[in-house]
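S.K.: Under our numbering, the sequence shown has 874 at position 362, and the numbering climbs by one with no breaks.
In this text, a Cβ means the ideal position worked out from N, Cα and C, and glycines have one as well.
Remember, predicted model here, so these are calculated numbers, not experimental data.
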Amino acid sequence: MDICSLPVQTACAFLRQRVLCVIALATLAGWTGPAGATILLPPALEGPSYQLTLQTGSWQFRPGTNSATMGVNGPVLGPTLIMEQGEDVSLFLENQLGTTTTIHWHGMHVSPENDGGPHTVIAPGATWNPQFTVLDKAGTYWYHPHLHANTNLHASRGIAGFVIVRDAEEAALDLPRTYGVDDFPLAIQTKTIDEAGQIIVPSNADSVLMVNATVNAELAVPGQVVRLRLLNGSSMRTFNLGLEDNSNFQMIASDGGLLGSPLALTRLQLSPGERAEILVNFANYTGSLALMSYASELPNGVYGALQPGMMPQQVLTGYNPNPMNGTDFQVMRFNIGAQSENPVLTIPGELVPQTPLPESQADTLRQFLLTPMTPGPNALNGHFLINGSEFDMGVINETIMLGATEIWSITNQSPIAHPFHIHDVQFYVLDLNGAPPLPALSGRKDVILVPPMQTVRFITQFLDHASSTVPYMYHCHMLIHEDAGMMGQFLVIDPSASLAPQAGLPGSLILQPAFPNPFNPDTVLGVVVSQAQHASLGIFNLLGQEVARLHEGLLGTGEHSFRLDGSTLASGVYIVRLQGDSELLQQKVLLCK
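1) Please give the ranges of any beta strand (DSSP E) in the region 768-809, keeping only runs that are unbroken, at least 3 residues long and fully inside the region.
2) So what does DSSP say about S668, is it helix, strand or coil?
3) As an exercise, report each continuous beta strand (DSSP E) stretch of at least 3 residues that is fully enclosed by the region 818-861, in chain order.
4) Who are the Cβ neighbours of Q597 in its own chain at under 8 Å, not counting the five residues just before and after it?
5) Grab me the residues of H1072's own chain with a C-beta within less than 6 Å of its C-beta, minus the 5 sequence neighbours each way, in chain order.
6) Output the boundary residues of the alpha helix (DSSP H) element that contains A1060.
7) Looking at the strands, I want to know which residues DSSP matches up with N924.
8) How long is the line joining the alpha carbons of E871 and E918, rounded to whole angstroms?
9) Rounded to the nearest angstrom, what separates N716 and H935 at their Cα positions?
10) What number of angstroms, rounded off, separates the C-alpha of G768 from the C-alpha of L1037?
11) Specify the secondary structure class of G1024 as computed by DSSP and reduced to three states.
12) Looking at C-beta atoms only, is the number of pairs between the region 618-629 and the region 570-579 that lie closer than 8 Å three or more?
13) Using DSSP's beta-bridge definition, name the partner residues of I764.
14) In this structure, how does DSSP classify D686 when only helix, strand and coil are distinguished?
15) Please classify T614: is it buried, with 16 or more other beta-carbons within 10 angstroms of its beta-carbon, or exposed?
16) Tell me which same chain residues have a C-beta within less than 6 Å of the C-beta of F674, skipping the five on either side of it?
17) Report yes if the CB atom of S808 is closer than 7 Å to the CB atom of D757, and no otherwise.
18) Restricting to Cα atoms, I'd like to know which of P964, F751 and L944 is closest to P884.
19) Enumerate in chain order the residues of its own chain whose CB-to-CB distance from R787 is below 6 Å, with the five nearest sequence positions on each side excluded.
20) Does P1033 pass the burial test, meaning 16 or more other C-beta atoms within 10 Å, or should it be called exposed?
21) Could you give the distance in angstroms between the alpha-carbon of E558 and the alpha-carbon of H660?
22) Where Q521 and I712 are concerned, what is the direct C-alpha to C-alpha distance, given to the nearest angstrom?
23) Go through the region 930-985 residue by residue and report every complete run of the beta strand (DSSP E) that reaches 3 residues or more, in order.
24) For I615, which of helix, strand or coil comes out of DSSP?
25) Which one or two residues does DSSP pair with F1031 in a beta bridge?
26) Under 6 Å from any heavy atom of the ligand FMN, does the C-beta of K703 make it?
27) Hey, out of V843, A776, V814 and N760, whose CA is closest to T726's CA?
28) Whose CA, out of T639, A635, V588 and P624, lies closest to the CA of L603?
29) For Q826 versus P927, is the C-beta spacing smaller than 7 Å?
30) Which stretch, first to last residue, makes up the beta strand (DSSP E) that contains E558?
31) Classify A1047 as helix, strand or coil using the three-state DSSP reduction.
32) For H895, which of helix, strand or coil comes out of DSSP?
33) State the CB to CB distance for the pair A708 and L589, rounded to an integer number of angstroms; the pair is presumed to be in contact (CB under 8 Å).
34) Look at the alpha carbon of G583 and the alpha carbon of L564, and state the distance between them as a whole number of angstroms.
35) Alpha carbon to alpha carbon, how far is Q1001 from L1102? Give it in angstroms, no decimals.
36) What is the rounded straight-line gap between the Cα of V693 and the Cα of P855?
Spelled out as structure tokens, the structure:
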């Protein structure tokens, strides 16, 4: 490029950007010592049975300095789990961390009991054994901790791993799929690490960049078409990825699997939790090629831009100075070598058929409002709310009927973008502020970045899995925000099965089915007593906390009716417990407001 031929303003901007980039790279390299470290490639495990140990350890992000870490089957990160669609898998997760945690299968369509949300804890020394049929399409998913208020700590310390699902449609395509040869998982993360080498959580000073726990990462790739499975595993930062020469790469998959056809891109924005698969034809290059993040192109109001908020006065504590904020920097480098055996040399023109849900098919619209708890200049440093509330383990925020097709409208009235993630399902983005989504957002998604002062709508279906007691989550995937309560939970209810009374053996008490059920605002509970006795009739939430006592004392023979008034209770499932002298009878009731 002849810089002298550019307009003065453009030339100055170009030089300023390049200088900032050099400063950023020098700073990062200085923290780690010698540049150019061979990337860690997680081992791959195939099912149907997986043995996983959650453990503590140490890892040298900087040569000669040990950092306290957490990992799965090792000191940091975890093995890549390879699964086949339709396969019945069984996972054994032994917790040797010395503290309680959970493991969530991010993006996977599993029952709430197997989802690994904050209600499904793994105590120290315990082993959790989720078992499920793999229903997902071929794609790149991942697993990470999800213990409320501790997700950031456990994930930042190192617990994260990939899940690769394969299916017949993907197998029929001429795509790279030899793990570690022409198919690589790349977890891009930033962390805050102090001078003693220890990971600091929470922190907005995430100036240490790594790929697969490797700082200044380099990967040897063959000179052919290579598949890169990209994950933004950072707690907070959004990346704007591209190749250093601004040449095209082909995006072939988003969060929930393959696209209809490859998409030629020079930039790919990934917010925390998002995944994408891209193909790079390294036959077109010699020597080496860098993967960059062009953060200078991120708009203000995105974590990673020069300003994390929309306005200059909105300051985020610890965010600046940071050599990655608003500047272009190298993420990793590819060293190109000889072709492998049976190389893939061309890119398919078509991938898999897409079946987006038509908007007319939706039977419910749900609206979610994202707001700061503390508006004004200090908004970025406070907590954030969804529909005016912080997360409460005992409150079911939404109740959804099995089989429903719904549109969720997410409006962000805060000054910073939030990556909104929903468990259980994949969705299709309908629009952003009424405009069609960019092509890169046209596939199946489970995370969508909602810019400040904008609205995103998506459509999804709730199929296959239901539970009247274990909820799924939705939340911001910026882990500081999530841990501070920017999260809600929903139940998927099967009305034909989940609300039937739990009948006991014939005895002196009968707890009749509540009517109506579901109900709003009240329902009637009938009790039949054949032998007078002391009895209590209580209402409990899903955490086992009593929220109402309808009766305590002697119950004479005959029929009795009790009214449950739900006007002061939140929507959700409650457990009715009738305790007699020698019998305990229970049933579930659903309050739908």
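M.R.: This is what the structure gives:
1) 769-777, 780-782, 787-793 and 800-806
2) helix
3) 840-849
4) V646, L647, D648, K649, A650, V677, R678, D679 and A680
5) V1039
6) First-last for A1060: E1058 to L1067, but that is the beta strand (DSSP E), not the alpha helix (DSSP H).
7) L882 and Q966
8) 9 Å
9) 26 Å
10) 44 Å
11) Note that residue 1024 is Gln in the sequence shown here, rather than Gly. If DSSP states are grouped into helix, strand and coil, Q1024 belongs with coil.
12) no
13) In DSSP, I764 forms no bridge with anything.
14) coil
15) buried
16) T592, W654 and P697
17) no
18) P964
19) T652, L743 and D767
20) exposed
21) 30 Å
22) At Q521 the pLDDT is 37, less than 50, meaning the model places this residue with poor confidence and gives no usable figure here.
23) 930-934, 940-944, 959-962 and 966-973
24) coil
25) L1103
26) Absence of the ligand FMN is noted for the structure shown, with no ligands found whatsoever.
27) V843
28) T639
29) yes
30) A556 to E558
31) strand
32) coil
33) About 22 Å separates the two Cβ atoms, so there is no contact after all.
34) 10 Å
35) 15 Å
36) 10 Å
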